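In this note's numbering, the protein residues as written are 18 to 242. We treat Cβ as the ideally placed atom computed from N, Cα and C, and that holds for glycine. This one's a predicted model, so the numbers in the text were calculated from it and none came from an experiment. Shown next, in structure tokens, is the structure this report addresses.
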Amino acid sequence: METIWLNISAGSGPEECAHAAALTLRQMEKEAGESKDLSLRIVETEASREKGNFRSALIALEGENAKPFADSWTGVVQWIWQSAYRPGHKRKNWFVAVNQFAEPPAGQAFSLTELRFETARAGGPGGQHVNKTETAVRVVHIPSGKSATARNERSQALNKKLATARLAAIFEREQSGKKAQAKAEIRQSHWELQRGNPIRVYDGQTLSPVKGKTGKKTEVQNVGN
């Protein structure tokens, strides 16, 4: 079964964007729960300053509806509400980026014969399971020396897929000219967001979609204003 990973990122935006990322994750979980043949798991999160908010979250999707679900969320998500963190602040629009990646088929980005896989015991939380088995995987692209690591999944097979997908994402960013600084475990770089072209728009108070809001493409801007 193919696994698709979605990454929700607040980019370099303020705490309001981190809250928008948390709201986006909540909406994803709600929508996934209403869909048949779809499994959603939270793989890892990077917490923000305020409790419950996220700088980024990595989601694993499986099932027949995984790809359509991922496609429907990929892009920029806009949230509209008056900031509770900065009363009186004029800005009411907050943005997060949702990007998807999956294990590349053979022949894309790099040849799978060019890869070397290394395994190790996964560290951190997880109890006895991660201490007994070598589930962590590091993949190295031998010609370039580029590498990616995955240790969050429970099985070595899934970590191998995730590590390969992360490596492919590194190549994709380079090829597209978007030089993002890859932190360990692709905790997500500061993406530039197209504020004027959101794929979804929500009211941050009611958590309901804003009907009739369609994005008109404007210049690409960073979320940190």
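For a test of the three-state rule: what should DSSP assign to residue i, helix, strand or coil?
i: Trp-98; result: coil
i: Pro-215; result: coil
i: Leu-55; result: coil
i: Leu-132; result: strand
i: Gly-50; result: helix
i: Glu-67; result: coil
i: Glu-61; result: strand
Quick one: give me the first and last residue of the beta strand (DSSP E) that residue i is part of.
i: His-274; result: There is simply no residue 274 to check, as the chain begins at 18 and stops at 242 in what is shown.
i: Ser-73; result: 71-79
i: Gln-117; result: 110-119
i: Ala-167; result: 164-167
i: Ser-225; result: Run containing Ser-225: none; DSSP gives neither H nor E here.
Distance, Cα to Cα, residue i vs residue j?
i: Ser-89; j: Ile-216; result: 8 Å
i: Thr-136; j: Ile-159; result: 16 Å
i: Lys-53; j: Ala-77; result: 16 Å
i: Phe-71; j: Ser-65; result: 5 Å
i: Gly-28; j: Leu-132; result: 30 Å
i: Gly-50; j: Asn-214; result: 27 Å
i: Lys-68; j: Ala-35; result: 10 Å
Do the CB positions of residue i and residue j come within less than 8 Å of each other?
i: Leu-55; j: Ala-83; result: yes
i: Asn-169; j: Glu-61; result: yes
i: Asn-116; j: Ser-73; result: no
i: Val-218; j: Gln-125; result: no
i: Ala-37; j: Ser-26; result: no
i: Phe-127; j: Val-156; result: no
i: Lys-163; j: Leu-129; result: no
For residue i, collect the residues of the same chain with a Cβ closer than 7 Å to its Cβ; drop the 5 residues on either side in sequence, then sort them by chain order.
i: Glu-33; result: Ser-100, Tyr-102, Trp-111
i: Glu-120; result: Lys-178, Thr-181, Ala-182
i: Ile-59; result: Ala-74, Ile-76
i: Asn-148; result: Residue confidence is low: Asn-148 scores 41 on pLDDT, short of 50, so the model does not pin down where it sits. No coordinate-derived value is stated.
Keeping to the same chain, check which residues put their C-beta closer than 8 Å to that of residue i; ignore five residues upstream and five downstream.
i: Leu-224; result: Leu-40, Arg-43, Gln-44
Can you tell me where the alpha helix (DSSP H) holding residue i begins and where it ends?
i: Ser-12; result: Residue 12 cannot be examined here, being either before or after the span of the chain that is shown, 18 to 242.
Cutting at 6 Å between CB atoms, please list the residues of its own chain near residue i, excluding the five before and the five after it.
i: Arg-138; result: Glu-151
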